[in-house]
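Mind the numbering: the sequence shown is residues 1 to 494 in the UniProt record's numbering, read in order.
We treat Cβ as the ideally placed atom computed from N, Cα and C, and that holds for glycine.
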Amino acid sequence: MKIIKDVIALRFKTSESEGVILHGEGQQGDYITLELHKAKLLLQINLGSNQYGSILGHTSVTTGSLLDDNHWHSVVIERYRRNVNFTLDRHTQHFRTNGEFDHLDLDYELSFGGMPYSGKPVGGGRKNFKGCMESINYNGDNITDLARRKKLDTSSFGNLSFSCVETHTFPVFFNATSFLQLPGRANHNTISVSFQFRTWNPDGLLFFSNLDDGTLEISLEDSKVAVHINVTKATTNNRVDLSSGTGLNDGQWHAIRLVAKENFAMLTIDGEEASAVRSTSPLTITTGGTYHLGGYFLQTLFPPSQRSFQGCMQAILVDDQPADLHAVEKGTMGAFENVSLDMCAIIDRCMPNHCEHGGRCKQTWDGFSCTCDGTGYTGATCHTSIYEPSCEAYKHLGRSSDTYWIDPDGSGPLGPFKVNCNMTEDKVWTTVMNNLPPKTVVTGSSRERRTVLQVNYSASMEQVTAITTSAEYCEQRIAYSCRMSRLLNTPGKS
């Protein structure tokens, strides 16, 4: 089933950051996959590659951010030949697929909500979608209605229902002056706490408790989770420090679990055994019975290294029991200040990316900055080119003949590229290099076995055009020499 035009539309909501929304593939190597990856929407499509493999058809486009917010989002994919409109919540991204082909061959099967067999695209999550979908349409067919009326095969998917069950997550939103206080078991020799958090900041106080004879702190330090336990007995001070994880300020939900008891402490990040760190240092725990999350502003003998946290928390368990945040909200237990309950007001300041020319956007809770390393540009948003626009400009600076990076359109969309600058004459010659060595030997070529050389230049057609439009003279040279060859001879015996 070779299709030249596709229109796919649906709405989804989920609290998961990974999951395949739709997938289809064909025996010729064509495929299309739409999935959530790190709470962003990833579309991968391949209409096919050429027989030499030099032009690959794989195309990957990402849009959106923080889509695991359990709110409804609408998606529309419109494809005509290689032109694609990818729309998320009315924001459209237009692109052309790579390769040479126009048709999508899916072998009569397109799956929604999961991938029943191994997919072709490399990378990305491969979990089934967990959440709700509605208004699924594919090329004019109402897939939701067909599935409800059992006109489609749904046997390969379990736990499929035609109602949207609301999740029971109860997030808490913290700012720099917030805290949440929860009661726990007092005078107990074991402390067990777990929760999920998300933030853009590399540092912040996640959890703090005054023990009967010391303190326990869980903080985010340099994008890692650090645990500090201080216990003072008479004149002896015992300290346990644990650290795990990396890059945990990426705005994604991350899970923490800490268990501490006599002579033992274990910290686990995101439920991965590989992340678990343990301590068997001398330690005696006697809990104090009060836990602070997201901030601690009281005076204490051993204050926490951080005082506040900017971000969100959810799925809070204290002493292996879910925290009753509804009771906290009603004021019947615990306490809180300057927190927003049952919401997570996190904002992605790097979406859309204000960094130009491939600059990498980094953000904190309050702002963003651009890293321009390796882009050829500088400035707050990587706007200003660090290279001269032409070989003539380098000559005016007193430079001699050499290989230089040039940027003909300055801060425009064309990127910099390397050229050879010959400044030995009054006129300056600019040479765009290609990938062929000075001499390429070809032997044994025949009508049946032709030799094909792919010539790739160090500049795109748009970049070459920027040079030639301002040049007085332009030429392209191809030289070849033949030995015992009938090249250019007329066929036959003459």
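Extent of the continuous alpha helix (DSSP H) run through H396 = Counting from 1 along the sequence shown, the entry for residue 396 is found at position 396. Boundaries of the alpha helix (DSSP H) harbouring H396: 391–396, taken from the DSSP string.
Classify residue 495 as helix, strand or coil using the three-state DSSP reduction.
-> This structure gives no information on residue 495, because the portion of the chain shown stretches from 1 to 494.
Where does K261 sit, in a helix, a strand or coil, going by DSSP?
-> Translated into the one-based positions of the sequence shown, residue 261 becomes position 261. In the structure shown, K261 sits in a strand (DSSP, three-state: E or B).
Tell me the start and end of each unbroken beta strand (DSSP E) in the UniProt domain "Fibrinogen C-terminal" (382–434) that is at least 3 residues and wholly inside, in chain order.
-> 402–406, 417–422, 429–431
Neighbour-count burial assignment, H106, 16 or more Cβ in a 10 Å radius = Position 106 of the sequence shown, counted from the first residue, corresponds to residue 106. A quick correction: the sequence has Leu, not His, at residue 106. Looking at its Cβ environment, which holds 16 or more other Cβ atoms inside 10 Å, L106 is buried.
Cβ neighbours of V328 in the same chain (closer than 8 angstroms, five flanking residues each side left out) = The sequence position of residue 328 within the sequence shown is 328, counting from 1. Excluding sequence neighbours, V328 sits near L180, L182, G334, A335, F336, L341.
Between which two residues does the beta strand (DSSP E) harbouring L216 extend?
-> In the sequence shown, counting from the first residue as 1, residue 216 sits at position 216. Unbroken beta strand (DSSP E) run through L216: 214–221.
L146, DSSP secondary structure in three states | Along the sequence shown, read from residue 1 onward, the residue named residue 146 stands at position 146. Here L146 sits in helix by DSSP.
Could you please give me the residues that DSSP links to G19 through a beta bridge?
-> On the sequence shown, residue 19 is found 19 positions in, with the first residue counted as 1. The partner list for G19 (beta bridge, DSSP) reads L36.
Contact check, S74 vs L88, beta carbons under 9 angstroms = Mapped onto the sequence shown, residue 74 falls at position 74. Mapped onto the sequence shown, residue 88 falls at position 88. In contact: S74 and L88 (Cβ atoms closer than 9 angstroms).
What are the start and end residues of each continuous beta strand (DSSP E) run of 3 or more residues lying completely inside the stretch 65–121, in chain order?
-> Correct list: 73–80, 83–88, 91–96.
Measuring alpha carbon to alpha carbon, tell me which of F417, T268, Q252 ends up nearest S390.
-> The residue you call residue 390 lines up with position 390 of the sequence shown. Here the closest residue by C-alpha is F417.
So what does F368 bridge to, in DSSP terms?
-> Start at 1 with the first residue of the sequence shown, and residue 368 comes out as number 368. DSSP, once it has assigned bridges, lists Q363 as partnering F368.
Can you grab the Cα-Cα spacing for the pair I136 / H383, in whole Å?
-> As a first step, residue 136 is located in the sequence shown; it is residue number 136 there, counting from the start. As a first step, residue 383 is located in the sequence shown; it is residue number 383 there, counting from the start. Near 41 angstroms, if we compare the C-alpha coordinates of H383 and I136.
Distance, T284 Cα to A260 Cα = Residue numbering aside, residue 260 sits at position 260 when the sequence shown is read from its first letter. Residue numbering aside, residue 284 sits at position 284 when the sequence shown is read from its first letter. Their Cα atoms are separated by approximately 9 angstroms.
Spatial distance of G294 from P202 (CA atoms) | In the sequence shown, residue 294 corresponds to position 294, counting from 1. In the sequence shown, residue 202 corresponds to position 202, counting from 1. The straight-line gap from Cα to Cα measures roughly 14 angstroms.
How about L43 and T63: are their beta carbons less than 9 angstroms apart?
-> The count along the sequence shown starts at 1 and reaches residue 43 at position 43. The count along the sequence shown starts at 1 and reaches residue 63 at position 63. A contact, by the Cβ cut-off of 9 angstroms.
Extent of the continuous alpha helix (DSSP H) run through E462 = Within the sequence shown, numbered from 1, the residue matching residue 462 stands at position 462. 461–468 is the span of the alpha helix (DSSP H), which, as asked, contains E462.
Give the secondary structure of E134 by DSSP, where H, G and I count as helix, E and B as strand, and everything else as coil.
-> Taking the sequence shown and counting its residues from 1, one reaches residue 134 at position 134. Three-state DSSP puts E134 in a strand.
Residues near G123 in its chain [Cβ-Cβ closer than 7 angstroms; skip 5 each side] | As a first step, residue 123 is located in the sequence shown; it is residue number 123 there, counting from the start. Only weak support exists for where G123 lies, its pLDDT of 43 falling under 50; the value from the coordinates is given anyway. Excluding positions up to five away in sequence, the list is empty.
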